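**Q** Numbering (this note's numbering), first residue to last: 13 to 493.
Glycine is no exception: its CB is placed at the ideal position from the N, C-alpha and C atoms.
Here the structure is a predicted model, which is why all the values come from computation and not from measurement.
1) Beta carbon of residue 186, beta carbon of residue 468: below 9 Å?
2) Please state whether DSSP places residue 494 in a helix, a strand or coil.
3) Have a look at residue 463 and residue 442 and give me their C-alpha separation to the nearest angstrom.
4) With distances taken from CA atoms, which of 40, 308, 146 is nearest residue 116?
5) Which partner residues of residue 33 appear in the DSSP bridge assignment?
6) Closest to residue 386 by CA distance: which of 399, 376, 380, 366 is it?
7) Please classify residue 52: is it buried, with 16 or more other beta-carbons within 10 angstroms of its beta-carbon, or exposed?
8) Under 9 Å, do residue 226 and residue 367 count as touching if we go by C-beta distance?
9) Helix, strand or coil for residue 412? Go by DSSP, reduced to three states.
10) List the endpoints of the continuous beta strand (DSSP E) containing residue 149.
11) Between the C-alpha atoms of residue 481 and residue 493, what's the straight-line distance to the nearest angstrom?
12) Grouping DSSP H, G and I as helix and E and B as strand, with all else coil, what is residue 264?
13) Could you tell me the alpha carbon to alpha carbon distance between residue 352 and residue 389, rounded to whole angstroms?
14) In chain order, what residues of the same chain lie with their CB nearer than 8 Å to the CB of residue 30, ignoring the 5 residues before and after it?
15) How about residue 123 and residue 199: are their beta carbons less than 9 Å apart?
16) Which partner residues of residue 403 appear in the DSSP bridge assignment?
17) Tell me the rounded alpha-carbon separation between residue 102 and residue 188.
18) Can you tell me where the alpha helix (DSSP H) holding residue 240 begins and where it ends?
19) Would you identify the three-state DSSP class for residue 471, choosing helix, strand or coil?
20) Do residue 377 and residue 177 have their beta-carbon atoms positioned less than 9 Å apart in this structure?
21) Below 8 Å on the Cβ atoms is my contact criterion, and I expect residue 363 with residue 273 to pass it. Report the Cβ-Cβ distance as a whole number of Å.
22) Work out the CA separation of residue 275 and residue 39 for me, nearest whole Å.
23) Using CA coordinates, which residue listed in 220, 262, 197, 461 is at the minimum distance from residue 240?
As structure tokens, this is what we get:
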């Protein structure tokens, strides 16, 4: 029997509102039926069933989801009614033919018309990218004018942040990996900057931006957000009408990684010198920089500004651990250490943003992530969606629109025993046999001395590529797979 979904998964245009989706059963498997409506915001992703023997009946079925193994059995399925309701209102607003009825500034209306209808010469924004920005625009400009209809969503955001981020006002936009978060950030910066320049008295808009990333590689990739960069997205991707490009130069954009928020020593002093200077009973020397000095180091260009907009890339790494949470007694060994590392990184990231808010003021923090879920050890149920998530374009949506390819997941292997393919969760099966951190530097590691499971996995991966390469060659495709 042919599997229609895995052979022909694409149902929608990436540039238009999705009108069809594949139906999934309760286990997240395709039923092969096509539904003529947009997929509701849910957290189930179809993964091929393993061809191993069945597990005992009393064993719970393994869950595969967009949280990449983050969800628990109790939290796997979440219809997120707020997101779906907001989608409905934004769709109604989007369908209004007359821009004067959109209840936005002339600058915002111009940008919306440009993103939706401009004949782009290169890369046209995907529908999901425009929708994410529309969500931020609607909540900022439109909702405050709609009475109870708008206040419902604004109150939801306020209460969600009061619970988890009492010092910040965060808004999460969920976009599948590969859907183009960088373009969304550029569009958000353009919207805010052009309005701030032309409406300098409005507190809704700013031309000061702090972009925070989890690492140096991502930081370098995001340089295209700078208007004066040679590869600036505003010009190269035509995200702003040509006559408005000059005003973007007034934006102040700082791109950093969260590690920069860690307070540093202002002077290097040896332990002996430090003891000598402070004396036997003297107070400890204050050589660590203050929060203000840290901000001056990290974001000097923004120090004279107020109401900055922060953009968090890969925002699932940024959260405040729940204060009254019970410790998870099940975490041991490497799992416990990983949770501690996650919490330390999250604490540093959010503490840095809180310092910015106290010193300069943050109008809002916009989170972008494919998986805005709380991590293990956060104090929240593992895999819990960030409560302030208001837009969702899932992996399934991206697959059905042809934006990303179907992920390849092992369904079988030739290793005997076990209920699941070893390759599907390879690390869990080989980590005890791998070199340990901290072992003697003099120890010799043989690159050929690999665990059998790892060696066979590499052989299988290469064998599959070799087979595919030959098929492409026979078909006359010059570009390798």
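**A** Checking against the coordinates, here is how it stands:
1) Along the chain shown, one-based indexing puts residue 186 at 174. Along the chain shown, one-based indexing puts residue 468 at 456. Cβ distance not < 9 Å, so residue 186 and residue 468 don't count as in contact.
2) This structure cannot speak to residue 494, because the chain is shown only from 13 to 493.
3) For the purposes of this step, residue 463 is taken as residue 451 along the chain shown, with counting starting at 1. For the purposes of this step, residue 442 is taken as residue 430 along the chain shown, with counting starting at 1. Approximately 7 Å between the Cα atoms of the pair.
4) For the purposes of this step, residue 116 is identified with residue 104 of the chain shown, where counting begins at 1. Checking every option, the nearest Cα to that of residue 116 belongs to 146.
5) Translated into the one-based positions of the chain shown, residue 33 becomes position 21. DSSP output for residue 33 lists 47 as bridge partner(s).
6) Translated into the one-based positions of the chain shown, residue 386 becomes position 374. Taking only the C-alpha atoms, the option nearest residue 386 is 399.
7) Mapped onto the chain shown, residue 52 falls at position 40. Exposed, since its Cβ has fewer than 16 Cβ neighbours within 10 Å.
8) As a first step, residue 226 must be located in the chain shown, where it is residue number 214. As a first step, residue 367 must be located in the chain shown, where it is residue number 355. No, Cβ-Cβ distance for residue 226 and residue 367 is not below 9 Å.
9) As a working mapping, residue 412 is identified with position 400 in the chain shown. In the structure shown, residue 412 sits in a helix (DSSP, three-state: H, G or I).
10) The sequence position of residue 149 within the chain shown is 137, counting from 1. Where residue 149 is concerned, there is no enclosing beta strand (DSSP E), although the alpha helix (DSSP H) it sits in stretches over 139-149.
11) Position 469 of the chain shown, counted from the start, is the residue given in the question as residue 481. Position 481 of the chain shown, counted from the start, is the residue given in the question as residue 493. Cα-Cα distance, rounded: 6 Å.
12) Residue numbering aside, residue 264 sits at position 252 when the chain shown is read from its first letter. Reduced to three states, the DSSP call for residue 264 is strand.
13) Working through the chain shown from its first residue, we reach residue 352 at position 340. Working through the chain shown from its first residue, we reach residue 389 at position 377. Rounded to the nearest angstrom, the two C-alpha atoms are 7 Å apart.
14) By one-based count along the chain shown, residue 30 stands at place 18. Same-chain partners within the cutoff: 23, 24, 50, 51, 139, 409, 412, 413.
15) Here residue 123 refers to the residue found at position 111 of the chain shown. Here residue 199 refers to the residue found at position 187 of the chain shown. Yes, Cβ-Cβ distance for residue 123 and residue 199 is below 9 Å.
16) Start at 1 with the first residue of the chain shown, and residue 403 comes out as number 391. Answer is 185.
17) Counted from its first residue, the chain shown places residue 102 at position 90. Counted from its first residue, the chain shown places residue 188 at position 176. Cα-Cα distance, rounded: 20 Å.
18) The count along the chain shown starts at 1 and reaches residue 240 at position 228. It is not in any alpha helix (DSSP H) - residue 240 carries neither H nor E in the DSSP assignment.
19) Numbered from its first residue, the chain shown carries residue 471 at position 459. Helix.
20) Here residue 177 refers to the residue found at position 165 when the chain shown is read from its first residue. Here residue 377 refers to the residue found at position 365 when the chain shown is read from its first residue. Closer than 9 Å, so yes.
21) By one-based count along the chain shown, residue 363 stands at place 351. By one-based count along the chain shown, residue 273 stands at place 261. Their Cβ separation, rounded to whole angstroms, is 7 Å, which keeps residue 363 and residue 273 in contact under 8 Å.
22) As a position in the chain shown, residue 39 is number 27, starting the count at 1. As a position in the chain shown, residue 275 is number 263, starting the count at 1. Rounded to the nearest angstrom, the two C-alpha atoms are 47 Å apart.
23) For this step, residue 240 is matched to residue 228 along the chain shown. Minimum Cα distance to residue 240 is reached at 262.
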